[in-house]
Amino acid sequence: MFIAYTRGMANINDTVRAALDAFVEDISNLIQQAALESVEAALAGASSIPGRRGRGAHAATPAFASASAGAGRKKGAKRTPEELEQLIKKLHGYISKNPGQRIEQIASSLDISTKELNLPAKKLISDKKLSTKGQKRATTYFAK
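Numbers given in this note's numbering equal positions in the sequence shown, counted from 1, plus 12.
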């Protein structure tokens, strides 16, 4: 009687193992298929952009281009004199209250890119309203 019971357990174990193996194989196939479809979609999106080699599809989207150039302006568009003057005042006020910071720290606090702050900082330095210490990325800014 014990031998018959053991054979029955072995049969159930084999059945369960076979079902699990089939399940794992099905899941693996589905994951591979999903990955393949994702890669194909990414390649199709990248190749459909004319004149763009080696860049992702996001590089040509208008929202990305306008966000990198500044708020409300197209890429490459100049700031108006009023916008520039406003940014100069904002930068000078911030540096007056927070002396000794690097441009990266200032930009992150003002939520503006460092690229947007280059011209206002240069104008303030040339107008002798700012002084600097250090070189390159270690430059710190102080209001006069």
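Just so you know, even glycine gets a beta-carbon here, dropped at the ideal spot from N, CA and C.
Whole angstroms is fine: what's the gap from Ala47's alpha carbon to Arg114's? Mapped onto the sequence shown, residue 47 falls at position 35. Mapped onto the sequence shown, residue 114 falls at position 102. Within the model, the alpha-carbon separation for Ala47 versus Arg114 is close to 43 angstroms.
If we count the other Cβ atoms within 10 Å of its Cβ and call it buried at 16 or more, is Ile39 buried or exposed? Position 27 of the sequence shown, counted from the first residue, corresponds to residue 39. By the Cβ neighbour-count rule, Ile39 is exposed, with fewer than 16 other Cβ atoms within 10 Å of its own.
How close, in whole Å, do the beta carbons of Ala150 and Leu142 come, if the pair is a contact with beta carbons under 8 angstroms? Along the sequence shown, one-based indexing puts residue 150 at 138. Along the sequence shown, one-based indexing puts residue 142 at 130. Going by Cβ atoms, the distance from Ala150 to Leu142 rounds to 16 angstroms, so no, they are not a contact pair.
With a Cβ-Cβ cutoff of 7 angstroms, do Ala119 and Leu129 count as a contact? Along the sequence shown, read from residue 1 onward, the residue named residue 119 stands at position 107. Along the sequence shown, read from residue 1 onward, the residue named residue 129 stands at position 117. Yes, the Cβ-Cβ distance between Ala119 and Leu129 is below 7 angstroms.
Taking the alpha-carbon of Lys156 as reference, which of Ala30, Tyr106 and Lys148 has the nearest alpha-carbon? Here residue 156 refers to the residue found at position 144 when the sequence shown is read from its first residue. Just measuring C-alpha positions, the residue of Ala30, Tyr106 and Lys148 sitting nearest Lys156 is Tyr106.
Tell whether a beta-carbon distance below 7 angstroms holds between Phe154 and Pro93. As a first step, residue 154 is located in the sequence shown; it is residue number 142 there, counting from the start. As a first step, residue 93 is located in the sequence shown; it is residue number 81 there, counting from the start. No, they are not a contact pair.
Where Leu55 falls, given that 16 or more other Cβ within 10 Å makes a residue buried: Translated into positions along the sequence shown, residue 55 becomes position 43. Under this definition Leu55 is an exposed residue.
Of the choices Ile43, Leu122 and Lys86, whose alpha-carbon is the least far from that of Lys101? The residue given as residue 101 occupies position 89 in the sequence shown. Minimum Cα distance to Lys101 is reached at Leu122.
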